[in-house]
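2 protein chains.
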Amino acid sequence: MVTHGYAKGRAKRQEIIETAMLVFGERGYNASSMLEIAGRCGLSRAGLAHHFSSKESILFAVLTWRDRKDRERFRAAGAKLSDGLAILRGMVDLARHNATVPGLIGLYTVLAAEASSPDHPAHDYFVERYARIVKGTQAALVSVQQAGHLAAGVDPWVYGVALTALMDGLQLQWLLTPEKVDMAAHLRSAIQNIVTVDFDEVMTG
Amino acid sequence: MVTHGYAKGRAKRQEIIETAMLVFGERGYNASSMLEIAGRCGLSRAGLAHHFSSKESILFAVLTWRDRKDRERFRAAGAKLSDGLAILRGMVDLARHNATVPGLIGLYTVLAAEASSPDHPAHDYFVERYARIVKGTQAALVSVQQAGHLAAGVDPWVYGVALTALMDGLQLQWLLTPEKVDMAAHLRSAIQNIVTVDFDEVMTG
Numbered sequence: 035m036v037t038h039g040y041a042k043g044r045a046k047r048q049e050i051i052e053t054a055m056l057v058f059g060e061r062g063y064n065a066s067s068m069l070e071i072a073g074r075c076g077l078s079r080a081g082l083a084h085h086f087s088s089k090e091s092i093l094f095a096v097l098t099w100r101d102r103k104d105r106e107r108f109r110a111a112g113a114k115l116s117d118g119l120a121i122l123r124g125m126v127d128l129a130r131h132n133a134t135v136p137g138l139i140g141l142y143t144v145l146a147a148e149a150s151s152p153d154h155p156a157h158d159y160f161v162e163r164y165a166r167i168v169k170g171t172q173a174a175l176v177s178v179q180q181a182g183h184l185a186a187g188v189d190p191w192v193y194g195v196a197l198t199a200l201m202d203g204l205q206l207q208w209l210l211t212p213e214k215v216d217m218a219a220h221l222r223s224a225i226q227n228i229v230t231v232d233f234d235e236v237m238t239g
Numbered sequence: 035m036v037t038h039g040y041a042k043g044r045a046k047r048q049e050i051i052e053t054a055m056l057v058f059g060e061r062g063y064n065a066s067s068m069l070e071i072a073g074r075c076g077l078s079r080a081g082l083a084h085h086f087s088s089k090e091s092i093l094f095a096v097l098t099w100r101d102r103k104d105r106e107r108f109r110a111a112g113a114k115l116s117d118g119l120a121i122l123r124g125m126v127d128l129a130r131h132n133a134t135v136p137g138l139i140g141l142y143t144v145l146a147a148e149a150s151s152p153d154h155p156a157h158d159y160f161v162e163r164y165a166r167i168v169k170g171t172q173a174a175l176v177s178v179q180q181a182g183h184l185a186a187g188v189d190p191w192v193y194g195v196a197l198t199a200l201m202d203g204l205q206l207q208w209l210l211t212p213e214k215v216d217m218a219a220h221l222r223s224a225i226q227n228i229v230t231v232d233f234d235e236v237m238t239g
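As you go down the protein sequences, you meet chains L and S in turn.
This note's numbering puts the first residue of the first sequence at 35, with every later residue one more than the last.
This note's numbering puts the first residue of the second sequence at 35, with every later residue one more than the last.
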């Protein structure tokens, strides 16, 4: 009975996290309310408080859950940090996958924009997130360069920032007009433009 | 007296618009309230209603005002649509100018992200805004190509989308960590990478 209750509690907790993800994605974090999240999970405000003490704690549960999912996805794809081209290929795969989860991309786009305000609860989270993504992209480009596959004059540090920025900007345009923007194709073409190997071959190889 | 009252009313209206711009930029549109905007302008809720009937009407007044300002700035810079390189130079100038107005950039970044939701009041505005910006950038690149200054293999239609996306993504990273991202330098380097003339010479010429 205890185990059953525990499992039920965990399932409800997960339901709250996934519902909150949708609500945050629709309205942004600032305009979302605990009351609405509770209502959409069939809970009273007090019932929700049994699982989460604040909207902020739900936000971090959402971000932690998605980070774990992303790491699992990345590991499953078998990308190794030592192989720069595989990581760039993983970025294009990720862009293709992102096009299947507009709610999630909307969430991160709104949250990252809101979080640029230093007093937003997720400010530090997003500062660290971008530092990590940019660093990972730079490391991939350095590795491509060491293998002799980076075009002349391409600075891995500059392009680590730029490729990350390109991905975010494409997401925004795609969210506004999904039928007009092929995120993966754009990213692939930007990468092809700075590597000296045929990226299509790398993609299928 | 009537004229004086009218001028006073216009000044108050402008004060509301500029205050709302700050509030929207801090919280996003969804989480901003008429009450807070009224309070920060030293008005009651009823006093604010004398000038604007809804939060939505304030939002559109902010966007209209900024669009007019931007057009004036662009005209003052003397960019002609027929000269593609001048327009690209104008984009870099704009990125440099944007780095001096973080509040405004924060506003557009949050609003554009929120507005990706089709039921956001500014959804159509942002869809049209991006269509216009992308089209303008594509036209500039076509003109550079016709003048023989675009690198081989660079598709103006693809890069019109990508340069616009790059600018947005750089803004996001810059808002999060202003000291780490030089938006104008990044944009300049991305443009230099696709044109066959020395962009620095174009910049000062």
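By construction, the Cβ of each residue, glycine as well, lies at the ideal position given by its N, Cα and C atoms.
Computed from a predicted model, the values in this text were never measured in an experiment.
Under 8 Å Cβ to Cβ from residue i, same chain only, skipping five residues before and after it: list those, please.
{"i": "S:E184", "result": "Just to set this straight, residue 184 of chain S is Leu in the shown sequence, not Glu. L175, V178, P190, I228, V229 and T230, listed in sequence order."}
{"i": "S:I225", "result": "L122, M125, V126, L197 and F233"}
{"i": "L:S151", "result": "H157"}
{"i": "S:L82", "result": "I50, M68, I71, A72 and C75"}
{"i": "L:S91", "result": "none"}
{"i": "L:Y159", "result": "F94, L97 and A149"}
{"i": "L:M201", "result": "M125, A129, M217 and L221"}
{"i": "S:R167", "result": "Note on residue identity: the sequence assigns Ile, not Arg, to residue 167 of chain S. Once the five neighbours on either side are set aside, the close Cβ partners of S:I167 are T198."}
{"i": "S:S78", "result": "A72"}
{"i": "S:L138", "result": "M55, G59, R100 and N132"}
Just list the residues that DSSP pairs residue i with in beta bridges.
{"i": "S:V229", "result": "S:L184"}
Hey, residue i and residue j are a contact pair by Cβ (cut 8 Å); roughly how many whole angstroms apart?
{"i": "L:P136", "j": "L:L209", "result": "7 Å"}
{"i": "S:A147", "j": "L:V144", "result": "4 Å"}
{"i": "S:S223", "j": "L:V192", "result": "6 Å"}
{"i": "L:R109", "j": "L:H85", "result": "29 Å between Cβ atoms; not a contact."}
{"i": "L:T211", "j": "S:V161", "result": "6 Å"}
{"i": "S:G118", "j": "S:A181", "result": "7 Å"}
{"i": "S:G62", "j": "L:G62", "result": "5 Å"}
Quick one: residues in its chain with C-beta nearer than 6 Å to the C-beta of residue i, no 5 flanking neighbours on either side, listed in chain order?
{"i": "L:A65", "result": "none"}
{"i": "L:L220", "result": "Note on identity: in this sequence residue 220 of chain L is His, with Leu being the wrong assignment. So the list reads L204, once near-sequence residues are dropped."}
{"i": "L:T171", "result": "G194, L197 and T198"}
{"i": "S:G239", "result": "Low confidence applies to S:G239: its pLDDT is 41, below 50, so where it sits in the model is not reliable enough to give any reading."}
{"i": "S:M35", "result": "Caution is warranted here: a pLDDT of 48 is assigned to S:M35, below 50, making its placement in the model unreliable, and no coordinate value can be reported."}
{"i": "S:Y164", "result": "none"}
{"i": "S:S107", "result": "Ser is not the amino acid found at residue 107 of chain S; the sequence shown has Arg there. Same-chain partners within the cutoff: there are none."}
Can you list, in chain order, the residues of its chain whose CB lies under 7 Å from that of residue i, leaving out five sequence neighbours each side?
{"i": "S:M217", "result": "A129, N132, A133, L204, Q205 and W208"}
{"i": "L:W99", "result": "I51"}
{"i": "L:L141", "result": "M55, F58 and G59"}
{"i": "S:P155", "result": "E90 and L93"}
{"i": "S:T53", "result": "I71, R74 and C75"}
Where are the alpha helix (DSSP H) runs, 4 residues long or more, that stay fully inside the segment 97 to 150 of chain L, in chain order?
-> 118 to 132 and 136 to 148
Which of the residues in the segment 60 to 77 of chain S, read from start to end, lie with their CB under 8 Å from any CB of chain L?
-> E60, R61, G62, N64 and A65
For the segment 154 to 171 of chain S, which residues have a CB atom closer than 8 Å to at least one CB atom of chain L, in sequence order?
-> H157, F160, V161, Y164, A165 and V168
Given a limit of 8 Å on CB to CB distance, which residues of the segment 120 to 146 of chain S reach chain L?
-> G140, T143, V144 and A146
Can you list, in chain order, the residues of the segment 192 to 209 of chain S whose Cβ is nearer than 8 Å to any Cβ on chain L?
-> V192, V195, A196, T198, A199, L200, M201, D202, G203, L204, L206, Q207 and L209
Using Cβ-Cβ distances below 7 Å, what residues of the segment 212 to 234 of chain L are close to chain S?
-> V215, H220, S223 and A224
Of all the alpha helix (DSSP H) runs that stay within the bounds of the segment 169 to 225 of chain S, which reach a length of 4 or more residues?
-> 190 to 210
Could you run through the segment 85 to 104 of chain S and flag, in chain order, every residue whose CB is less than 9 Å away from some CB of chain L?
-> none
Could I get the ranges of all uninterrupted alpha helix (DSSP H) runs contained in the segment 68 to 96 of chain S, with 4 residues as the minimum, in chain order?
-> 68 to 74 and 79 to 83
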